[in-house]
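Here's the structure we're looking at; comments come further down.
Residue numbers (our numbering): 16 to 255.
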């Protein structure tokens, strides 16, 4: 378990001063990296062993969204290992108040072969877990709503979408979701968002974003040219 402090900067917020969902995922990723490194599973060592962690699900639930210049504390720990899935949980605090909770699912993957490995392939204390329940869980599957009209946009990931694993970084999917919502998002309060990372997107690979709205949720999924789903996501709003 580790706690990381961070002051929210101008490039991490929307124009109304609220932190971007993508910035939340980046802060979570940074905190997770610190904790994993402390447990002997740093990125350099894992790459030498031809292993990487790949995120499969992320869910963030807000009591309120942190603002520009606020100092946040992010506490993270290993949850249970279920099958091939590593659970990692987070709580974000401002002035001692828990303002957001998050939970993620990760799998261990061979970097060269892109195949899922069993958890016991990793020889580190990251296999241990903290017996603390976060109280939230991602959906087993994000069900895309049926409606008369869908918004569709084609996109090819650019160089700035990529990370050191050679695919689109998980935080960028939150940007895709927010960008679909557009300027109207500034009039709404974000309650939660969730992203399922189904199959990796690489540089220049064509993906079609399909979006729909149902009640208080906006859904965006990504479909590859071969028909495979790349990701599924939604953002939920509550009264501001």
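Quick reminder that beta carbons are idealized off the backbone N, C-alpha and C, glycines included.
- Taken through DSSP and simplified to helix, strand or coil, residue 113 comes out as strand.
- For residue 156, there is no enclosing beta strand (DSSP E), as DSSP gives it neither H nor E.
- By the neighbour-count criterion, in which 16 or more other beta carbons inside 10 Å mark a residue as buried, residue 248 falls on the buried side.
- Per DSSP, reduced to three states, the secondary structure at residue 193 is helical.
- Note on residue 145: under 16 other CB atoms within 10 angstroms of its CB, so exposed under the neighbour-count rule.
- Judged by DSSP secondary structure, residue 244 falls within the beta strand (DSSP E) whose first and last residues are 244-253.
- Between residue 27 and the set 207, 189, 179, the nearest pair of CA atoms involves 189.
- Here DSSP, grouped into helix, strand and coil, assigns residue 82 to strand.
- DSSP, reduced to helix, strand and coil, places residue 168 within a strand of the structure shown.
- Measuring C-alpha to C-alpha distances from residue 70 to each of 59, 41, 77 identifies 41 as the nearest.
- Annotation: residue 197 to residue 167 spans about 14 angstroms, alpha carbon to alpha carbon.
- Under DSSP, the beta-bridge partners assigned to residue 93 are 103.
- A check of alpha carbon separations from residue 107 across 85, 100, 152 identifies 85 as the nearest.
- For the 8 angstroms CB-CB criterion, residue 49 and residue 17 form a contact.
- In the DSSP assignment, residue 37 falls within the alpha helix (DSSP H) that extends over 36-53.
- According to the DSSP assignment, residue 203 belongs to no beta strand (DSSP E), since it is labelled neither H nor E.
- Residue environment for residue 200: buried (at least 16 other C-beta atoms within 10 angstroms of its C-beta).
- Taking the Cβ atoms as the reference, residue 193 lies roughly 7 angstroms from residue 35, within the contact range of under 8 angstroms.
- In the structure shown, the three-state DSSP call for residue 147 is coil.
- The region 60-68 and the region 215-230 do not touch, with fewer than 3 CB-CB distances between them shorter than 8 angstroms.
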